[in-house]
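In what follows, a structure is listed as structure tokens, so that the remarks can point back to it.
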Amino acid sequence: DYTNLATPYTEARRPADAENAYLQTLRIRPSYYPAYSNLGIFYLNRGEYAKALEPLSLVVKLAPDYADGHANLATLFYYTERWDEALVEYGKSLAVSPTAMAYSNRGAIYHLRGDYEHAKEECRHALELDGKNPVIWGNLADAEAQIPGAAAEAREAYQVCTSRRPRRSVNIWRRRNYLAVPCSGRS
17 DYTNLATPYT EARRPADAEN AYLQTLRIRP SYYPAYSNLG IFYLNRGEYA KALEPLSLVV
77 KLAPDYADGH ANLATLFYYT ERWDEALVEY GKSLAVSPTA MAYSNRGAIY HLRGDYEHAK
137 EECRHALELD GKNPVIWGNL ADAEAQIPGA AAEAREAYQV CTSRRPRRSV NIWRRRNYLA
197 VPCSGRS
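Residue numbers for the sequence shown follow this note's numbering, so the first one is 17 and each next one is one higher.
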């Protein structure tokens, strides 16, 4: 299995060799979905979104019950601003295996679309699975800060977020902008 060679090649900054290792595995085992998944993630991490589409699409065809396959394809759609397709794929991932990451990422899409109520709902689902994650708490607070009448809830979520990782630069920004003053007059 040449797939095992790809990681050391990637770590050694030999991307052409890593890519060839994945492709060699697929020549030998053309229906081996983990190799397609790894190749797609390899392209995704390199910002080669057009190249990532085919292997990540094949993963969900070969293994429709593989939740991470749907989540990875959704992430590609997220990065390429194909929001509707990303929401569908995150939904398929959640149907197979609910994860905080998939809920949180779906919430981020709703937030980008200005649908703050759905963003809040997705973040709440994510927190049910991972209530300690400061990023999810911050995303919840960001959504609530945009909802009329939810300023107090937003401040509470920001406080939880910033208490989890107080030195993280985004949390310093959140603390400075949301905890010191009322949330943009939306109480």
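Backbone N, C-alpha and C define an ideal beta-carbon position, used for all residues, glycine too.
CB of residue i within 8 Å of CB of residue j, strictly
i      : j      : result
Val75  : Gly56  : yes
Tyr38  : Asn54  : yes
Glu70  : Ala90  : no
Leu92  : Ala68  : yes
Ala87  : Ser109 : yes
Ala236 : Leu60  : The first residue shown for the chain is 17 and the last is 203, placing residue 236 beyond what the model contains.
Other residues of its chain near residue i: CB distance less than 7 Å, five sequence neighbours each side excluded
i      : result
Ala142 : Ala116, Tyr119, Ser120, Gly123, Ile152
Glu169 : Glu160
Glu133 : Ile163
Asp146 : Ala116, Ile152
Close-in-space but distant-in-sequence residues of the same chain around residue i (CB under 8 Å, 5 per side omitted)
i     : result
Tyr82 : Tyr49, Ser53, Val75, Val76, Val112
Thr23 : Ala34
Cβ-based neighbour list, residue i, same chain, cut-off 6 Å, excluding 5 preceding and 5 following
i      : result
Trp99  : Ile125
Leu156 : Cys139, Ala173
Arg62  : none
For this session: Within the segment 36 to 97, note down every full alpha helix (DSSP H) run reaching 4 residues or more, in order along the chain.
Result: 49 to 61, 65 to 78, 83 to 95
For this session: Within the segment 108 to 194, note down every full alpha helix (DSSP H) run reaching 4 residues or more, in order along the chain.
Result: 116 to 128, 132 to 145, 150 to 160, 167 to 180, 185 to 190
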